[in-house]
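Worksheet: one structure, shown below.
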Amino acid sequence: MAPPHPNSLPSTGGKEIGVHHDTLKDIADKLEKDLRALKSLRYDDKLEDDSPSEASLGNYTAGRSLYGTVSAAKMQIGNTYTQFITAYESVIQAIRNSEKTHRNADDNSKHGVQNAGSPGNYT
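Its first residue numbered 20, the sequence shown is counted upward by one per residue in the numbering used here.
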């Protein structure tokens, strides 16, 4: 059996897992910056702006058929883009929530240890 990868997580119930709050926050900030840049490219608007109108493809069977195909493709691409943006936003929010949860847990643990060591807490 191969030895465990040096970057693998410790086994459950074993070693402590540390969360670097500032690193998580930095990752979320960088992802959010990347998302803003992606949104600024206006792909959803460009998709609409660059699509041919029904009239531009002609009023005949092949033209109407082509328009139907282009419209269906535009809708599918638009839906996929929207789903991607929504998923990207969800990942950022999950990272932010994780950072906050771990920071609060660490702060509570720290305060618990400090309070346990205070002489006024012994009765």
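We treat Cβ as the ideally placed atom computed from N, Cα and C, and that holds for glycine. Quick caveat: nothing in here was measured; it's all calculated off a predicted structure.
Open item on the list: In this structure, how does DSSP classify Val-38 when only helix, strand and coil are distinguished?
Closed with: coil
- [ ] Assuming Leu-54 and Glu-108 form a contact by the criterion Cβ under 8 Å, report the distance between their Cβ atoms to the nearest whole angstrom.
- [x] 7 Å
Task: Beta-carbon gap between Ile-146 and Leu-66 smaller than 8 Å - done: The shown model of the chain, from 20 to 142, leaves out residue 146, and the question about it has no answer.
Open item on the list: Give me, in chain order, the residues of the same chain whose beta-carbon lies closer than 7 Å to that of Val-38; leave out the 5 immediate sequence neighbours on both sides.
Closed with: His-121
TODO: Starting from the Cα of Tyr-62, find the closest Cα among Ser-84, Asn-98 and Leu-76 and give me that residue.
DONE: Asn-98
- [ ] Please classify Asn-78: does DSSP put it in a helix, a strand, or coil?
- [x] coil
Task: Leu-66 - containing alpha helix (DSSP H), residue span - done: 62-68
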